[in-house]
Structures are given as C-alpha cells and as structure tokens.
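Q:
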Amino acid sequence: MQTSEQFWNASPEELKKGYIEESEHYLCLLCGKKIEKGIIYPEDDVLYEAERFTRLHIEKDHQSVFNYLINLDKKLTGLTDHQSRLLRLFFEGKTDTEVQKEMEIGSAATIRNHRFVLKEKERQARVFLTMMELLKEKDQHAPKFLPPHKTAKMIDDRYNVTEKEREGIIKKYFPEGPTGPLSKFPLKEKQKLVVLMEIAKGFYPEHIYDEKETNEILQSIYDDYVILRRYLIEYGFLDRKNDGSQYWLKK
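Pasting the structure below:
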C-alpha cells in the first residue's frame with residue numbers, strides 16, 4: 001500500500017500523531033519514512049527508542065503534523081486561504097486581538113466570529129465523517145477510487161478512477177507488467193495520472209538522485225524520458241533543484 005493510501009485510510013487519531021505502527025516498524029504518514037523497531041537511535045547525544053524517534057523525525061523534518069496538513073492543497077483540506085491563515089495564527093497561540101492586528105481585518109469580535117465559523121465547520125466534518133463510516137457498513141456497491149497523492153498540484157476529476165480502471169490502464173500501457181517498459185505515453189489525463197503514479201513507485205523516498213540517475217531510471221521505462229520527467233514534476237510526484245542537477249520523490 002502506498003503512503004498516500006495509508007494517509008487517507010488512517011484514523012483521525014493516527015493522522016493527529018502523523019504515524020502508524022506496523023509489525024516491524026513505525027511509518028511516518030507524512031513522508032513514508034520507516035523507523036525500525038528494536039533499534040536505539042542516537043540523535044544529538046541522546047538515545048531514542050523507535051516510537052520516540054519517529055516523533056522526533058516529525059518534529060525535525062515536518063515541524064509538526066499541523067504544519068504539514070495546513071500546507072496541503074486547499075482542495076484536500078477544504079479550507080480557503082483566509083481560513084488557513086487564521087488557523088496558522090491560532091496554532092501559534094495568538095490572541096484574537098493579535099490575530100486581528102496581524103490580518104488587519106475588522107475587530108477582535110470579527111475574529112471570534114471566525115472562530116465560531118471554524119468550530120461549526122468542525123462539527124459538520126465530524127457528523128459527515130461519522131455518516132461516511134456508517135455508510136461503509138451498508139454500501140456494498142461503492143467502488144474503490146484512486147486516492148490522490150498528497151503532493152498533487154491539480155486535484156480534479158482525473159482522480160475519478162476506480163481500482164478496476166487503474167488495473168486496466170496499467171495492463172494496457174505496461175504490457176509486460178508494472179515494472180516493465182511503457183508501450184506509449186497516454187494522452188488522456190486519467191490514464192496519464194495512473195501511469196505516472198506507477199512510474200513514481202520506482203523512486204525511493206529520502207533518496208536524492210542526480211540527473212544521470214534520474215534519466216537512466218526513466219529511460220529504462222520509456223525512450224522519451226524527458227517527457228516522463230517533465231510530467232512527474234508537473235503532476236507533483238518529483239521535485240528538483242532549479243538547475244536540474246538533483247531530483248527526489250516529493251513528500
């Protein structure tokens with residue numbers, strides 16, 4: 001199961017922590033890093049057991065789970081830019097008066113009203129989440145949809161792809177199997193997304209690839225490796241330095 005799928009399948013409590021426990025390791029839901037159990041990890045002259053080291057990793061690499069979540073695309077959070085800014089300031093511990101001055105809007109009473117609206121949004125979200133959980137128990141015909149990757153730059157109906165459709169696309173464009181060569185690069189956006197998602201699995205999290213390594217990996221999949229590289233970046237699967245000297249799997 002890919003990190004994005006584990007992220008979307010996680011419970012609210014697991015998302016709040018930012019990691020889940022598996023049989024042999026702890027998995028960071030934010031970047032996919034695995035912290036093996038049974039090992040003592042040294043950091044700044046302090047020794048940490050695996051779960052505490054996982055929390056330390058989130059603090060050092062992501063600042064906090066809140067920071068990571070608030071930076072997700074607004075189509076994933078459902079928040080407006082205005083609401084995101086308010087939440088950031090509330091999380092920093094600002095008073096209503098301080099928030100009002102920093103945002104230069106209304107008065108402290110206006111900020112209290114924004115707090116009320118956000119609280120109402122929270123109540124609605126809890127009710128909706130509960131209804132969807134109950135629906136899972138009854139709806140036997142709901143298809144499994146492709147989960148959006150957390151670093152996606154465009155969240156739209158191209159993600160309206162069922163697991164069955166995904167399997168058909170992979171079979172069509174990777175006739176020798178998911179790790180085999182690509183027969184051709186698709187033109188349709190949904191098919192393109194599925195193909196790029198599969199190709200991105202060939203890159204390891206936390207590893208920095210130079211341009212030559214990146215090109216070699218992509219060229220083993222498709223002759224026109226440049227178009228693969230361009231779309232992997234455009235769709236938010238890979239990131240790179242401005243000069244194109246280094247590439248990495250986007251977290």
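Take the sequence shown: its letter number 75 is residue 75 in full-length UniProt numbering, and every next letter is one higher.
All C-beta atoms, glycine included, are put in the ideal place defined by N, C-alpha and C.
1. Are PHE237 and LYS251 closer than 8 Å when you measure CB to CB?
2. I need the straight-line Cα distance from GLU198 to LYS190, nearest angstrom please.
3. So, does the segment 78-96 touch the segment 114-121, judging by three or more C-beta pairs under 8 Å?
4. Only counting runs of 3 or more residues, tell me where the beta strand (DSSP E) segments fall wholly within the segment 2-45, in order along the chain.
5. DSSP three-state label for PHE53, please.
6. State the Cα-Cα distance for the pair PHE203 and PHE66, rounded to the nearest angstrom.
7. Quick one: what does DSSP say LEU238 is sitting in, helix, strand or coil?
8. I want to know whether the segment 118-126 touches the segment 35-44 - three or more CB-CB distances under 8 Å.
9. Hey, how far is the Cα of THR162 from the Cα of ARG88?
10. Please go through the segment 71-100 and give each complete beta strand (DSSP E) segment of 3 or more residues, from N-terminal end onward.
11. Taking the alpha carbon of ILE35 as the reference point, which residue from ARG55, TYR225, LYS17, TYR231 has its own alpha carbon closest?
12. Expressed to the nearest angstrom, what Euclidean distance is found between the alpha-carbon atoms of PRO147 and VAL194?
13. Can you tell me the Cα-Cα spacing of ASP243 and GLU211, whole angstroms?
14. Between the Cα of TYR222 and the Cα atoms of LEU129, MET103, TYR173, which residue gives the shortest distance?
15. Can you tell me where the beta strand (DSSP E) with LEU146 in it begins and where it stops?
16. Between which two residues does the alpha helix (DSSP H) carrying ILE199 extend?
17. Would you mind giving the Cβ-Cβ distance between residue 265 and LEU29, rounded to the nearest angstrom? I have them listed as a contact below 8 Å.
18. Alpha carbons only, please: which of GLU49, TYR48, LEU129 is nearest the one belonging to TRP8?
19. Tell me the DSSP secondary structure of ILE111 in three-state form.
20. Determine the burial state of ARG123: buried for a count of at least 16 other Cβ atoms within 10 Å of its Cβ, exposed for fewer.
21. What does ASN249 pair with, by DSSP beta-bridge criteria?
22. Could you tell me the boundaries of the beta strand (DSSP E) in which ILE208 lies?
23. From residue 253 to ALA109, what distance separates their C-alpha atoms?
24. Assuming contact is defined by CB atoms lying nearer than 8 Å, are LYS75 and ILE155 in contact in what I supplied?
25. Identify which residue in THR151, PRO175, PRO143, LYS150 has its Cα closest to the Cα of ASN160.
A: The short version:
1. No, these two residues do not count as a Cβ contact at 8 Å.
2. Cα atoms of GLU198 and LYS190: separation of roughly 13 Å, rounded to the nearest angstrom.
3. The segment 78-96 and the segment 114-121 touch, with no fewer than 3 CB-CB distances between them shorter than 8 Å.
4. Secondary structure remark: continuous beta strand (DSSP E) runs of at least 3 residues inside the segment 2-45, in chain order: 19-21, 25-28, 34-36, 41-43.
5. The three-state secondary structure of PHE53, taken from DSSP, is helix.
6. The straight-line gap separating the alpha-carbon atoms of PHE203 and PHE66 is approximately 27 Å.
7. It is a strand residue.
8. With a cut-off of 8 Å, the segment 35-44 and the segment 118-126 do not count as touching, because too few Cβ pairs lie within range.
9. The straight-line gap from Cα to Cα measures roughly 35 Å.
10. Listed in chain order, there is nothing to give.
11. Selection ARG55, TYR225, LYS17, TYR231 evaluated against ILE35 yields ARG55 as nearest (Cα-Cα).
12. Here the alpha carbon of PRO147 sits roughly 11 Å from the alpha carbon of VAL194.
13. Their Cα atoms are separated by approximately 10 Å.
14. Closest by alpha carbon: TYR173.
15. Premise fails: LEU146 is in no beta strand (DSSP E) and is neither H nor E.
16. Counting along the chain, the alpha helix (DSSP H) containing ILE199 begins and ends at 189-200.
17. Only positions 1 to 251 of the chain appear in the structure, and residue 265 is not among them; the question remains open.
18. The residue with the shortest Cα to Cα distance from TRP8 is LEU129.
19. If DSSP states are grouped into helix, strand and coil, ILE111 belongs with the helices.
20. It is exposed - the Cβ of ARG123 has fewer than 16 other Cβ atoms within 10 Å.
21. Asn is not the amino acid found at residue 249; the sequence shown has Leu there. Answer by DSSP bridge pairing, in chain order: LEU238.
22. Residue range 208-210 is occupied by the beta strand (DSSP E) that includes ILE208.
23. In this structure the chain extends from 1 to 251, so residue 253 is not present and cannot be described.
24. In this structure, LYS75 lies near ILE155, with their beta-carbon atoms less than 8 Å apart.
25. Per the C-alpha coordinates, the member of THR151, PRO175, PRO143, LYS150 positioned closest to ASN160 is PRO143.
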